[in-house]
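Taking it in order: structure first as structure tokens, then the write-up.
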Amino acid sequence: MRYPLLAILFPVLLTACSDAATNEQAESTATSNKLVEAPKAVEIKNAEEVTKAAPDKATISSAHEQLKQLIDDPSCDNSSQCKVLPVGSRACGGPSSFIVYSTKTADTAEVEKLAKDITALEKQFNAANDMMSICQHLTAPGAQCSENTCVRIEGSAASVY
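Taking my numbering, the leading residue of the sequence shown gets 26, the next gets one more, and so forth.
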């Protein structure tokens with residue numbers, strides 16, 4: 026009796042993480058376009074601006090792409106140049122992932138600001154769309170300079186996304 030019940034409930038639980046209704050997405054898209062200045066840049070002036078309109082997935086993806094471009098070159102001379110930073114927000118709490126980047130090639134202040142902005146956008150998206158997520162706690166991975174490249178230390182936590 027338990028197994029048929031689980032077979033019915035499991036797909037329902039999985040769909041709880043899906044997007045909200047199409048009309049909510051359309052409203053979200055229309056209001057969030059104000060946050061995007063250019064197709065490849067996401068500019069957020071302050072936290073109050075973020076709370077005015079719920080961002081859509083395209084805005085969040087654009088911010089992630091901008092962050093990837095910013096940390097694209099992981100070259101380093103020593104391990105002190107390799108940093109780990111939490112990025113994003115799970116609906117259940119905590120970061121959605123961690124990035125490893127090099128302070129030799131990326132501006133730390135810029136990377137930290139963009140990571141903070143992405144976290145705020147994801148937090149607001151999750152709240153506006155009643156998102157659910159797994160409540161797995163991610164631990165920050167280690168980072169080191171290996172062959173002049175910043176890498177995650179083997180055996181350290183990895184992002185589940």
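A virtual CB, placed ideally from N, CA and C, is assigned to each residue, including glycine.
As the structure is a prediction and not an experimental result, all values here were calculated from the model.
Item: Stretch-stretch touch, CB-based, cutoff 8 Å, three pairs: the segment 168-179 with the segment 134-153; Value: no
Item: For S122 and L92, the rounded distance between their alpha carbons; Value: 13 Å
Item: Helix, strand or coil at T144 according to DSSP, with G and I counted as helix; Value: helix
Item: Alpha-carbon to alpha-carbon, H89 and I96; Value: 11 Å
Item: Backbone secondary structure at L163 - three-state DSSP; Value: coil
Item: CB-CB length for N154 against S100, believed under 8 Å; Value: Actually they do not touch by this definition, with Cβ atoms about 38 Å apart.
Item: Selection from T144, S158, H162 that minimises the alpha carbon distance to T84; Value: T144
Item: Nearest-angstrom Cα separation, counted from A116 out to S86; Value: 17 Å
Item: Contacting residues, own chain, Cβ-Cβ under 8 Å from K129 (five flanking each side not counted); Value: S100, C101, D102, Q106
Item: Local Cβ density within 10 Å of G118, reported as buried at 16 or more and exposed below that; Value: exposed
Item: Neighbour flag for L139 against chain D, beta carbons, 8 Å; Value: The question asks about chain D, but that chain is absent: this structure has only one protein chain.
Item: Per-residue burial, C175 [other beta carbons within 10 Å of its own, 16 or more giving buried]; Value: buried
Item: Own chain, CB closer than 7 Å to C160, minus 5 neighbours either side, in chain order; Value: C117
Item: For A168, the three-state DSSP class (helix, strand or coil); Value: strand
Item: Where I178 sits in the DSSP three-state scheme; Value: coil
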